[in-house]
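Visitor: Numbering (UniProt numbering), first residue to last: 1 to 167.
Even glycine gets a Cβ: it sits at the ideal position worked out from N, Cα and C.
Below is one structure. I have some questions about it.
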């Protein structure tokens with residue numbers, strides 16, 4: 001094969017290798033209980049796509065990320081929340097507490113309620129839907145042991161796996 005004919009395939013291979021190396025893992029800190037067997041069960045069941053965003057590799061156990069840059073971030077093994085008056089929604093049997101303290105920045109944090117260990121997801125609402133995120137993650141998170149449930153969930157706060165109100 002002539003040097004010229006060899007140059008084209010080598011250039012194409014170089015481009016593929018360069019492009020595949022462009023997406024570095026999302027740097028995250030693991031939660032306190034991220035190494036639990038329950039979080040391992042969640043991690044192996046995480047979906048490839050959440051809220052329309054493709055899954056990204058992370059550098060920490062018990063974590064997940066979707067989108068470039070990451071629009072949805074998951075931490076398994078966070079502290080189990082105690083009783084709260086915060087808004088709680090139920091999606092396919094998984095209760096989520098909604099922290100709206102960063103809503104002005106279009107960022108919402110949702111934490112499972114009544115699951116041990118707990119899962120926390122942070123959603124950049126300017127790039128991904130929080131409703132879609134909890135719908136997409138409900139099946140994976142449902143493997144966590146259920147130890148309680150929200151008592152302030154009304155019928156309109158309960159969604160099925162499509163994000164449609166149940167009832």
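So the beta strand (DSSP E) residue 76 belongs to, where does it begin and stop?
Guide: That run of the beta strand (DSSP E) goes 72-78.
Visitor: Considering only their Cβ atoms, is the gap separating residue 89 from residue 96 smaller than 8 Å?
Guide: Contact flag set, yes.
Visitor: Between residue 55 and residue 62, is the Cβ-Cβ spacing less than 8 Å?
Guide: No.
Visitor: State the CB to CB distance for the pair residue 171 and residue 74, rounded to an integer number of angstroms; the pair is presumed to be in contact (CB under 8 Å).
Guide: Because the chain here runs from 1 to 167, residue 171 falls outside it and cannot be looked at.
Visitor: Considering only the alpha carbon of each residue, which of 35, 39, 67, 27 lies closest to residue 48?
Guide: Looking at the Cα atoms, 67 is the closest of the given residues.
Visitor: For residue 140, does the count of other Cβ atoms within 10 angstroms reach 16, so buried, or fall short, so exposed?
Guide: With 16 or more other Cβ atoms within 10 Å, it is buried.
Visitor: For residue 40, tell me which candidate among 152, 149, 145 has the shortest Cα-Cα distance.
Guide: Of the listed residues, the one whose Cα sits closest to residue 40 is 145.
Visitor: Assuming residue 70 and residue 132 make a contact with CB atoms under 8 Å, what is their CB distance in whole Å?
Guide: Wrong, their Cβ atoms sit about 15 Å apart, outside the cutoff.
Visitor: Output the residue ranges of the beta strand (DSSP E) runs that lie fully inside the region 51-126 and measure 3 residues or longer, sorted by chain position.
Guide: Fully enclosed beta strand (DSSP E) runs of 3 or longer: 53-56, 63-66, 72-78, 88-91, 94-99, 107-113, 118-124.
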